Each structure stands twice: as C-alpha cells, then as structure tokens.
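One structure below.
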Amino acid sequence: MEIKYTLQGVLIYTTIAVYLLAFVTTIAGRARAGRALFLGGFLLAIVSFVYRWQHVQHVPLQNLFEVFLFLGTACYPISWFCRRVLRIGGQWADMLVGVIVLFPAGFVFHAEPMQLPPALQSWLFVPHVAVYMLSYIFMLKAAFQAGEQLLNKRPRIEQTRITPEQATYQLIAIGFPLLTLGLVLGSWWGKLAWGRSWGWDPKELWSLASWLIYVGYFHWRYMYGTRYPRWNSVWAITGMLAIVITLLWVNLSRLFPGLHSYAT
Numbered sequence: 001m002e003i004k005y006t007l008q009g010v011l012i013y014t015t016i017a018v019y020l021l022a023f024v025t026t027i028a029g030r031a032r033a034g035r036a037l038f039l040g041g042f043l044l045a046i047v048s049f050v051y052r053w054q055h056v057q058h059v060p061l062q063n064l065f066e067v068f069l070f071l072g073t074a075c076y077p078i079s080w081f082c083r084r085v086l087r088i089g090g091q092w093a094d095m096l097v098g099v100i101v102l103f104p105a106g107f108v109f110h111a112e113p114m115q116l117p118p119a120l121q122s123w124l125f126v127p128h129v130a131v132y133m134l135s136y137i138f139m140l141k142a143a144f145q146a147g148e149q150l151l152n153k154r155p156r157i158e159q160t161r162i163t164p165e166q167a168t169y170q171l172i173a174i175g176f177p178l179l180t181l182g183l184v185l186g187s188w189w190g191k192l193a194w195g196r197s198w199g200w201d202p203k204e205l206w207s208l209a210s211w212l213i214y215v216g217y218f219h220w221r222y223m224y225g226t227r228y229p230r231w232n233s234v235w236a237i238t239g240m241l242a243i244v245i246t247l248l249w250v251n252l253s254r255l256f257p258g259l260h261s262y263a264t
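Counting from 1, one number per residue, gives the positions in the sequence shown under this note's numbering.
And the structure:
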C-alpha cells in the first residue's frame, strides 16, 4: 500500500471521502443530500484529473494509476445519465463504485510521471483507452444490477421503473458498442504501431474473451428472453470478471507478459 503525501493524493483521498459520505448519506435515506455530495465528489475528481493532466503534460490515461483516476471521474456522469435518461436506480451503488475505482489510484499504484512510450504517441491513444473505460463503467453498473437480481432484492434506496434484469440489459446494450469500438480502435492502432492488427498478445486475448462473453449474453437473452433471469445475471457478472482480468491480472501478473506491460 502506498500513501501519497502530495496534492494529488490529497485530492484523491478527499474525493474518496466525499463519495463514501454520499453513499452513507444515501443509504441513510437522504437521497437528495447524497446526490449533492456525489456531485461534489465528481467536481473534486475533475480537479484531480486536470491536475494530473497538467503535471504529466499529456492526457492521463497511460498507466493503471491514471486509468483508475479517470474511472473515478467518469462514474458520476454515467450515473446521472442512467438515472435521468434510462430511469435506472441504484445510485447508491454508483457512489460505491466511485470509492472502489479510486482506491487503487490512492493506495495501490504509484503516481510518478512517466514518459509516453513510442507506441502511445498516437492519436488513437485517447479514444481507444477512453471508450474502453467508459464501457467498463457501464458493465460494472450492469454487474451490480445483475447481483441485485441474483439476490432477489428490490431496490431500497431509489424507486426505479424497470427491473434489475431489464436494467442489466440496457446497461450492457450501451456498454457493448463501446467495448466493440475499443476493440476495433485497438486493432487499428496495433496496425499503425506494430504493423499488424492482431498479435495474440495476452491483453488482446482477454479483451476478445470479454467481448465474446457479452456476445454470449446477448445470444442467451435472445434465445430465452427473461425466462431465466438468474442465468442472464450470471452471464453479466462473468463478463465483468473477464474485464477485471483484462484490466488488472493481465497487466500485473507475471503469467501474462506482453506488449501492454507499460500499463503497470
């Protein structure tokens, strides 16, 4: 565990504290105050992200520290979109997601600035990573909804007009095109950087595995609809587990050395 005694660290820890306070306030039944705190945490997350941007002089999406910093910023606007546009509840879970994704940035990964390697000096760098991270937030929200379906519990904090199974489907239906776009952009980038669109790198393989699991989810749901909602949820959670392996284990484990090792 690494404590960051810097302004960057103070911003991250303050954001975590505000997100956590928003979560506690919401589950205590004060949803409006919780949403206000959630917004405050988001504004702090923006300041933290912009500060990092100024510090490293490039869009901070190079390594896992910066990726989790971005995830901590993206969780609020996606939560707002889901609540106001899709009418999906469970905002308490989004606040908890903010705490979860910022924890590695604050306590696990080092924050020393790094030079961009030649492979990352491409205009595809930002859109490729950003669309993947946005898809991951949608898929994580879907996994929370799927977990609620498996536990067979109704939302306690916010009233929603759709069931957890329907919410899971809608979230994956938005996240999957982003996941697909990330895969396509990565292939294009690989062609420009290394002269081939696909190299069977461990990160590429697990990205494909994640994509195929969600293809399986859509196929299963098309075949059986909502007759087996628990199996639909199992598919969604399995896809999220594959994403965790893609994002973390492939980068951190010595079992999967590859061209994407700079992400650590």
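Quick reminder that beta carbons are idealized off the backbone N, C-alpha and C, glycines included.
A quick note: this is a predicted structure, and the numbers were derived from the prediction, not measured.
Per-residue burial, Thr226 [other beta carbons within 10 Å of its own, 16 or more giving buried]: Taking the sequence shown and counting its residues from 1, one reaches residue 226 at position 226. It is exposed - the Cβ of Thr226 has fewer than 16 other Cβ atoms within 10 Å.
Cβ distance (whole Å) where Met114 is taken to contact Asn63 below 8 Å: Reading the sequence shown from its first residue, position 114 is the one you call residue 114. Reading the sequence shown from its first residue, position 63 is the one you call residue 63. With a Cβ gap of about 6 Å, Met114 and Asn63 count as contacting.
Leu171 vs Gln149 beta-carbon contact at 8 Å: Reading the sequence shown from its first residue, position 171 is the one you call residue 171. Reading the sequence shown from its first residue, position 149 is the one you call residue 149. Against a cut-off of 8 Å, the Cβ pair of Gln149 and Leu171 comes out as no contact.
Separation of Ala31 from Leu44, as counted between CA atoms: Stepping through the sequence shown from its first residue, residue 44 is reached at position 44. Stepping through the sequence shown from its first residue, residue 31 is reached at position 31. One C-alpha to the other measures close to 20 Å.
Ser197 (DSSP reduced to helix, strand or coil): Position 197 of the sequence shown, counting from 1, holds the residue named residue 197. It is coil, neither helix nor strand.
Run of the alpha helix (DSSP H) containing Leu247, from where it starts to where it stops: Numbered from its first residue, the sequence shown carries residue 247 at position 247. First-last for Leu247: undefined, no H or E at that position.
Tyr224 classed as buried or exposed, judged by whether at least 16 other C-beta atoms fall within 10 angstroms: Position 224 of the sequence shown, counted from the start, is the residue given in the question as residue 224. Exposed is the call here.
Alpha-carbon to alpha-carbon, Met139 and Ile100: Counting from one through the sequence shown, the residue named residue 100 turns up at place 100. Counting from one through the sequence shown, the residue named residue 139 turns up at place 139. Using only the alpha carbons, I get a separation of about 14 Å.
Simplified DSSP state of Met223, which is helix, strand or coil: Here residue 223 is taken as the residue at index 223 of the sequence shown, counted from 1. It is helical.
Short Cβ contact (8 Å threshold) for Gly88 with Ile174: Within the sequence shown, the letter at position 88 stands for residue 88. Within the sequence shown, the letter at position 174 stands for residue 174. What sits at residue 88 in the sequence shown is Ile, not Gly. The answer is no: Cβ separation not under 8 Å.
Same chain, Cβ closer than 6 Å to Ala93, five either side skipped, listed in chain order: The residue you call residue 93 lines up with position 93 of the sequence shown. Phe144.
Those runs of the beta strand (DSSP E) which lie wholly inside the segment 116-191 and span at least 3 residues: none
Pairwise C-alpha distance: Cys75 and Val97: Mapped onto the sequence shown, residue 97 falls at position 97. Mapped onto the sequence shown, residue 75 falls at position 75. Taking the straight line from one Cα to the other gives about 7 Å.
Residue range of the alpha helix (DSSP H) that includes Val97: Along the sequence shown, one-based indexing puts residue 97 at 97. Its alpha helix (DSSP H) spans residues Gln91 to Phe107.
Close beta carbons around Val47, own chain, < 8 Å, minus the five adjacent residues each side: What you label residue 47 is simply residue 47 of the sequence shown in a count that begins at 1. Around Val47: Leu11.
Val250 beta carbon less than 8 Å from that of Gly182: Indexing the sequence shown from 1 puts residue 182 at position 182. Indexing the sequence shown from 1 puts residue 250 at position 250. Against a cut-off of 8 Å, the Cβ pair of Val250 and Gly182 comes out as no contact.
Residue interval of the alpha helix (DSSP H) (run including Gln54): By one-based count along the sequence shown, residue 54 stands at place 54. Unbroken alpha helix (DSSP H) run through Gln54: Ala31 to Val56.
Residue range of the alpha helix (DSSP H) that includes Ile3: Residue numbering aside, residue 3 sits at position 3 when the sequence shown is read from its first letter. Premise fails: Ile3 is in no alpha helix (DSSP H) and is neither H nor E.
N- and C-terminal bounds of the alpha helix (DSSP H) containing Ile12: In the sequence shown, counting from the first residue as 1, residue 12 sits at position 12. In the DSSP annotation of this structure, the continuous segment of the alpha helix (DSSP H) that includes Ile12 starts and ends at Leu7 to Ile27.
CA nearest to the CA of Ile78, picked from Val129, His55 and Tyr136: One-based indexing of the sequence shown puts residue 78 at position 78. Residue Tyr136 is the option with its Cα nearest to Ile78.
Alpha-carbon to alpha-carbon, Tyr222 and Tyr13: As a working mapping, residue 13 is identified with position 13 in the sequence shown. As a working mapping, residue 222 is identified with position 222 in the sequence shown. Going from the Cα of Tyr13 to the Cα of Tyr222 covers about 43 Å.
Own chain residues within Cβ distance below 8 Å of Leu7, not counting five before or after: Taking the sequence shown and counting its residues from 1, one reaches residue 7 at position 7. Closer than 8 Å at the Cβ level, and outside the excluded window around Leu7, lie Tyr51.
Neighbour-count burial assignment, Arg156, 16 or more Cβ in a 10 Å radius: Taking the sequence shown and counting its residues from 1, the one referred to as residue 156 is at position 156. At Arg156, the pLDDT of 49 sits below 50, so the modelled position is not reliable; the number obtained from the coordinates is stated separately. By the 10 Å Cβ count, Arg156 comes out exposed.
Three-way DSSP call (helix, strand, coil) for Glu204 in this model: Taking the first residue of the sequence shown as position 1, residue 204 is located at position 204. Helix at Glu204.
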